[in-house]
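Report on the following structure.
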Amino acid sequence: MATTDTQARQSGPNVKAWLPEMVVDAVLPYATYLVLQSQGVGPVAALAAGAVFPAAFVLFHFVRSRQVDGFGLVVLAVIAVSVALALTSGDARFVLVKESIFTGAIGLAMLGSLAARRPAMYYCGRKFATDGTPEGLARWESYWAKSAMFRHSNRTMTVVWGTAFMAEAAVRIVAAYTLSTSTVVGLSAIVPLVVIGLLMAWTVAYGKRTRPISRAEVVAFDAGTP
Numbered sequence: 008m009a010t011t012d013t014q015a016r017q018s019g020p021n022v023k024a025w026l027p028e029m030v031v032d033a034v035l036p037y038a039t040y041l042v043l044q045s046q047g048v049g050p051v052a053a054l055a056a057g058a059v060f061p062a063a064f065v066l067f068h069f070v071r072s073r074q075v076d077g078f079g080l081v082v083l084a085v086i087a088v089s090v091a092l093a094l095t096s097g098d099a100r101f102v103l104v105k106e107s108i109f110t111g112a113i114g115l116a117m118l119g120s121l122a123a124r125r126p127a128m129y130y131c132g133r134k135f136a137t138d139g140t141p142e143g144l145a146r147w148e149s150y151w152a153k154s155a156m157f158r159h160s161n162r163t164m165t166v167v168w169g170t171a172f173m174a175e176a177a178v179r180i181v182a183a184y185t186l187s188t189s190t191v192v193g194l195s196a197i198v199p200l201v202v203i204g205l206l207m208a209w210t211v212a213y214g215k216r217t218r219p220i221s222r223a224e225v226v227a228f229d230a231g232t233p
């Protein structure tokens, strides 16, 4: 158990390991969207332009390592859903709800990832809860292979985060069509912060409950305990 605990501490987040990918996959697409919108570019074109960065990084990562960057694929899925939603909206109120497209698309992509080999929160955890080294990533994969609780907790977190994002987007869209513009603008600034804060608090508490079980399962697996 001591060895496992030491390994877990060593696999803590390392900003230098994942910050460049976060900038390319998340910051640059969103910044591009905001800049182009401020210059009068339509939401569909602005969203599509932002997809260039994560798409290029996914291709670069694959050419370099012959592995697909899961986080980048999630971002591309979010942008694709966002563009689709934007194309189907011809209502003037879209100006008020366009921010919800990102949130709703993220939630939809996360829930959709449950049908894949790994849920979205597995990749988020690999990005933020490891040091990004080959050893750290291998340790994260070993937890997935050896611990049923680890697999269950990643899927549970994916369901909770995805559902919460979808619910937040739905609430803000309904508010855009039922409340005054000034009220919607205020809600758009406050609600996302509250939702993210609650989700992070829940995730930390949930992780504290499930992490010891996952570690015990890995130790039992390595010891050959049935």
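Just so you know, we're using the numbering used here here: the sequence shown kicks off at 8 and counts up by one.
Glycine is no exception: its CB is placed at the ideal position from the N, C-alpha and C atoms.
Item: Quick check on the DSSP output: what are the complete alpha helix (DSSP H) runs of length 4 or more inside the stretch 139-224, in order along the chain?; Value: 141-153, 155-185
Item: Using a threshold of 9 Å, state whether the C-beta atoms of F157 and V225 are closer than that.; Value: yes
Item: Could you spell out the range, first to last residue, of the alpha helix (DSSP H) harbouring A127?; Value: 127-135
Item: Helix or strand or just coil, what does DSSP make of R16?; Value: In this prediction, R16 scores a pLDDT of 40, lower than 50, which makes its location untrustworthy; no coordinate-derived value is stated.
Item: What whole-angstrom Cβ distance do V202 and A182 have, given they're in contact under 8 Å?; Value: That pair is no contact at about 14 Å.
Item: Out of V198, L205, L200, P219, point me to the one whose CA is closest to V167's CA.; Value: L205
Item: In whole angstroms, give me the CA-to-CA distance for V198 and Y40.; Value: 21 Å
Item: For V104, collect the residues of the same chain with a Cβ closer than 6 Å to its Cβ; drop the 5 residues on either side in sequence, then sort them by chain order.; Value: I180, A183
Item: Which value, in whole angstroms, describes the spacing of the CA atoms of A177 and G111?; Value: 8 Å
Item: Just to confirm my understanding: we take S149, look at its own chain, exclude 5 residues before and 5 after, and list those with CB closer than 6 Å. What are they?; Value: none
Item: Which same chain residues end up closer than 8 Å to T190 when comparing Cβ atoms and leaving out the 5 residues on each side of it in sequence?; Value: A182
Item: Hey, G169 and M117: beta-carbon distance below 9 Å or not?; Value: yes
Item: Would you decide whether P36 is buried or exposed? Buried here means 16 or more other CB atoms lie within 10 Å of its CB.; Value: buried
Item: In angstroms, rounded to a whole number, what distance separates the CA positions of S154 and R222?; Value: 8 Å
Item: Going by beta-carbon coordinates alone, are M173 and G114 separated by less than 9 Å?; Value: yes
Item: Can you tell which of T217, G47, G49 has its C-alpha closest to the C-alpha of N161?; Value: T217
Item: Measuring straight from C-alpha to C-alpha, what distance separates W147 and A63?; Value: 26 Å
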